[in-house]
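Each position in the sequence shown, counted from 1, maps to that position plus 5 in the working numbering.
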Amino acid sequence: MAAAEEVVKDVERAIEETPVGEKREREEEAEIMAPWEQHASVISIPRFDYTAPSSLLHHSHSGFLVTCSIKREKSATKEVMSILGKVLLPLGEILKSSDESKRPKLCAQETEVTGENLNAEDLKPAKESVNEEHKSLMSLVKLTKSGLLLFTFPVDNSTDTTDIVSRVFQFMESGALKAPVWCHRIFPVQATCALTEKELQETVSKLVQRFVDDKQNTLSTPVKFAAGYNRRGVEEAKGKIQKASEVLDQCPLLDRTKCFETVAAGVKAIVPDSVVDLKSPELCVMVELLPLSRIPNGSYVAAVSVLPHRLVSTKPKLAIKPLVPETKQKK
Numbered sequence: 006m007a008a009a010e011e012v013v014k015d016v017e018r019a020i021e022e023t024p025v026g027e028k029r030e031r032e033e034e035a036e037i038m039a040p041w042e043q044h045a046s047v048i049s050i051p052r053f054d055y056t057a058p059s060s061l062l063h064h065s066h067s068g069f070l071v072t073c074s075i076k077r078e079k080s081a082t083k084e085v086m087s088i089l090g091k092v093l094l095p096l097g098e099i100l101k102s103s104d105e106s107k108r109p110k111l112c113a114q115e116t117e118v119t120g121e122n123l124n125a126e127d128l129k130p131a132k133e134s135v136n137e138e139h140k141s142l143m144s145l146v147k148l149t150k151s152g153l154l155l156f157t158f159p160v161d162n163s164t165d166t167t168d169i170v171s172r173v174f175q176f177m178e179s180g181a182l183k184a185p186v187w188c189h190r191i192f193p194v195q196a197t198c199a200l201t202e203k204e205l206q207e208t209v210s211k212l213v214q215r216f217v218d219d220k221q222n223t224l225s226t227p228v229k230f231a232a233g234y235n236r237r238g239v240e241e242a243k244g245k246i247q248k249a250s251e252v253l254d255q256c257p258l259l260d261r262t263k264c265f266e267t268v269a270a271g272v273k274a275i276v277p278d279s280v281v282d283l284k285s286p287e288l289c290v291m292v293e294l295l296p297l298s299r300i301p302n303g304s305y306v307a308a309v310s311v312l313p314h315r316l317v318s319t320k321p322k323l324a325i326k327p328l329v330p331e332t333k334q335k336k
């Protein structure tokens, strides 16, 4: 009896000593998680696909680049998986099931963190399932920058990521989706390319042509466009690895002016009479430098999209719209 009482006291003491911040974080996560995520013994999160960076160097991929709170990447990953699941899957309610065997997996390499050690025989069915579903699932790509998540579709996947992000905003406006806690923005990646003048210009031209051909997009004459460029992680590289001049020698398009000139050339190759309009552009060319892990020094990959005005904000700079309006965030 005395030993049992000591155990109880130790547990009570541990609970009392738990930092308030950790308690609050767990409570906040419990509020936004579906029941299957709140299950005490099983928390499913996707694992990094370490083959993805190499594929991005040689092939174009579509996907999603998510900005989130720093040091809350795991919480944001679960949150964005829930958001995309409800938008992508016609039977989104199945995500609320506590039966793991019935819950759809959006990422190919999804792992279950449990208190048990699985043996090789237990893992065989999971591996076979992953191989069968890999072509239709997203990969989680490891990045070197905090506060960012990158999900990519396979090379031959033609998923309309822009339409998916549009539906996310529609779901939120209708109340079908709650405002996210950890995810700030979801950037729809239409294509990726090496950050070279030739590849970037060709990619921009291809996406602008697709935008112009889409009958849902109404364009005036002359067509008004704007360009945005994010170089997350480059500043850190300049300071820690080498001088800025050396970095620019390796990749001239890291220079904002040179990048914008290349983007403009890509746009005008398709729409010669287009003009720059930063206040009310009809099409917005967004270029995001991807801080990929495990790629050779001097190699740079960019995510590129051509978006309608409704999905972007122009102040204080051109960017994908935040999931939660900044006025609400401040409140």
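Cβ coordinates follow ideal geometry from the N, Cα and C atoms, glycine included.
In this text, all values refer to a predicted model and were calculated from it rather than measured experimentally.
Where do the ends of the beta strand (DSSP E) carrying F265 lie? Membership of F265 in any beta strand (DSSP E) is not indicated; the residue belongs instead to the alpha helix (DSSP H) covering R261 to K273.
Quick one, are the C-beta atoms of C188 and V71 less than 8 Å apart? For C188 and V71, yes; Cβs fall inside 8 Å.
Rounded C-alpha distance that separates P313 from V173: Spanning the two alpha carbons is a distance of roughly 15 Å.
For Y234, which residues does DSSP report across the bridge? For Y234, the pairing in a beta bridge is given by DSSP as V292.
At the level of alpha carbons, what is the spacing between G233 and L297? Their backbone Cα atoms lie some 20 Å apart in a straight line.
Tell me whether the beta-carbon of F216 lies closer than 8 Å to the beta-carbon of L316. Judged by their CB atoms, F216 and L316 are not nearer to each other than the 8 Å cut-off.
Assuming F156 and F69 make a contact with CB atoms under 8 Å, what is their CB distance in whole Å? Taking the Cβ atoms as the reference, F156 lies roughly 5 Å from F69, within the contact range of under 8 Å.
S210 classed as buried or exposed, judged by whether at least 16 other C-beta atoms fall within 10 angstroms: Buried is the label assigned to S210, since at least 16 other Cβ atoms lie within 10 Å of its Cβ.
Got a sec, what are the start and stop residues for the alpha helix (DSSP H) F216 sits in? For F216, the enclosing alpha helix (DSSP H) starts and ends at E202 to D218.
Counting along the chain, where does the alpha helix (DSSP H) carrying I88 start and finish? Taken as a continuous stretch (DSSP letters only), the alpha helix (DSSP H) holding I88 covers E78 to L93.
Beta-carbon spacing of T208, V85 below 8 Å: Not a contact, by the Cβ cut-off of 8 Å.
Would you mind reading off the limits of the beta strand (DSSP E) that contains A308? Counting along the chain, the beta strand (DSSP E) containing A308 begins and ends at V306 to P313.
Flag this pair as touching only if the region 145–161 and the region 57–66 have three or more C-beta atom pairs under 8 Å; answer yes or no. The region 57–66 and the region 145–161 touch, with three or more beta-carbon pairs separated by less than 8 Å.
Assuming H64 and V194 form a contact by the criterion Cβ under 8 Å, report the distance between their Cβ atoms to the nearest whole angstrom. About 13 Å; that fails the 8 Å criterion.
What does the alpha-carbon distance come out to for the pair K326 and S318? Each residue's alpha carbon lies about 5 Å from the other.
How big is the Cα-Cα spacing for A196 and A231? Using only the alpha carbons, I get a separation of about 18 Å.
In whole angstroms, what is the alpha-carbon distance linking K91 and R236? When only Cα atoms are considered, K91 and R236 end up about 31 Å apart.
Taking just the CA atoms, how far does L154 sit from P301? The C-alpha of L154 is placed about 20 Å away from the C-alpha of P301.
N-terminal and C-terminal residue of the beta strand (DSSP E) that L155 is part of: First-last of the beta strand (DSSP E) with L155: L153 to T157.
Does DSSP put P330 in a helix, in a strand, or in coil? The answer is coil: DSSP assigns P330 none of H, G, I, E or B.
Exposed or buried, which one is P185 when buried takes at least 16 other CB atoms within 10 Å? With 16 or more other CB atoms across the displayed protein chains lying within 10 angstroms of its CB, P185 is buried.
What residues are listed by DSSP as bridge partners for C188? DSSP lists C73 as partners of C188.
Given a cut-off of 8 Å on the beta-carbon distance, is the pair T167 and Q206 in contact? Going by C-beta atoms, T167 is not nearer than 8 Å to Q206.
Under the three-state reduction of DSSP, which class applies to I325: helix, strand or coil? If DSSP states are grouped into helix, strand and coil, I325 belongs with the strands.
Kindly indicate which three-state DSSP category V173 falls into: helix, strand or coil? Helix at V173.
Anyone know if the C-beta pair for S279 and V290 falls short of 8 Å? No, the pair does not count as a contact, with Cβ atoms beyond the cut-off.
Taking the alpha helix (DSSP H) that S67 falls in, what are its first and last residues? Going by DSSP, S67 is part of no alpha helix (DSSP H) at all; its letter is neither H nor E.
Go to S144, then tell me how far its beta strand (DSSP E) extends in each direction, as first and last residue. Boundaries of the beta strand (DSSP E) around S144: S144 to V146.
Please classify E293 as buried or exposed, where buried requires at least 16 other C-beta atoms within 10 Å of its C-beta. Burial call: buried.
Could you give the residue range of the beta strand (DSSP E) that holds A199? Where A199 is concerned, the enclosing beta strand (DSSP E) stretches over A196 to A199.
Nearest candidate by alpha-carbon position, reference P277, set P227, V170 and T82: When P227, V170 and T82 are compared, the shortest CA-CA separation from P277 is found for P227.
Residue of V329, S304, K284 and G303 minimising C-alpha distance to K322: Here the closest residue by C-alpha is K284.
Local conformation of L258 per DSSP, three classes: In the structure shown, L258 sits in a helix (DSSP, three-state: H, G or I).
Between V311 and A199, how many whole angstroms is the CB-CB distance? I'm expecting something under 8 Å. The pair is not a contact, with the Cβ atoms about 18 Å apart (cut-off 8 Å).
Cutoff 6 Å; reference R299; Cβ partners in own chain excluding five residues on either side: Only residues of its own chain outside the window of five on either side were considered, and among them P58 have a CB closer than 6 Å to the CB of R299, listed in chain order.
Same chain only: Cβ atoms within 6 Å of L258, ignoring 5 sequence neighbours per side: The residues are L200 and C264.
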